[in-house]
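J.:
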Ligand code: ZN
């Protein structure tokens, strides 16, 4: 079966930042699972998956626009430490969750003061070009329940 809208794809991936240090590798755990056609993975990766079958291996390079977007320089903000989930003073480089008016926001700490921290709310991979090595493990028809939930169910996907 080929990857098309409303198929469930499971795959292993190796991800690296082009020209950078960031790396991820799924091969130690369960394959990733997503419902095709519902933006369950990055747009650039989803487009490259179309038409693939189980056993296919391929490499795709994804521009920031088709991954985590460009960096927004307004994304650096000063927030009171008491607005951080956990309310403890973090270290520079630590990932924190900010309780903002608009909801919970994940951010990276760039500076620590006495009562405030400067955080960068950009995704750590914003503005980065990414390279994926993909191995398609399985492609199956989605269940009606999965289509109505707009995500895949099972290990590596949503379990609820
Ligand atoms: Zn569901």
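In our numbering, the protein residues as written are 524 to 683.
No residue lacks a Cβ here, since even glycine has one placed at the ideal position from N, Cα and C.
A quick note: this is a predicted structure, and the numbers were derived from the prediction, not measured.
Measuring alpha carbon to alpha carbon, tell me which residue in 544, 558, 540 is nearest residue 681.
T.: Taking only the C-alpha atoms, the option nearest residue 681 is 558.
J.: Does the ligand ZN have even one heavy atom less than 6 Å from the beta-carbon of residue 672?
T.: yes
J.: With residue 631 and residue 642 assumed to form a contact (beta carbons below 8 Å), what rounded beta-carbon distance in angstroms separates them?
T.: 6 Å
J.: Kindly indicate the opening and closing residues of the alpha helix (DSSP H) around residue 603.
T.: Where residue 603 is concerned, there is no enclosing alpha helix (DSSP H), although the beta strand (DSSP E) it sits in stretches over 599-603.
J.: Using DSSP's beta-bridge definition, name the partner residues of residue 563.
T.: According to DSSP, residue 563 shares a beta bridge with no other residue.
J.: Label residue 623 either buried or exposed according to how many other C-beta atoms from any shown protein chain fall within 10 Å of its C-beta, with 16 as the threshold for buried.
T.: exposed
J.: What residue range does the beta strand (DSSP E) around residue 670 cover?
T.: Here residue 670 belongs to no beta strand (DSSP E); instead the alpha helix (DSSP H) covers 667-672.
J.: For my contact list, residue 585 and residue 567 are in at a C-beta cut-off of 8 Å; report their separation, rounded to the angstrom.
T.: 3 Å
J.: Smallest Cα separation from residue 637: which of 614, 669, 608?
T.: 614
J.: I need the straight-line Cα distance from residue 530 to residue 662, nearest angstrom please.
T.: 7 Å
J.: Might you give, ordered along the chain, the residues of its own chain that have their beta carbon closer than 6 Å to the beta carbon of residue 583, omitting 5 neighbours on each side?
T.: 571, 655
J.: Please list the terminal residues of the continuous beta strand (DSSP E) segment that includes residue 651.
T.: Careful: residue 651 lies outside any beta strand (DSSP E) and carries neither H nor E.
J.: Have a look at residue 589 and residue 555 and give me their C-alpha separation to the nearest angstrom.
T.: Residue 589 and residue 555 have their C-alpha atoms some 19 Å from each other.
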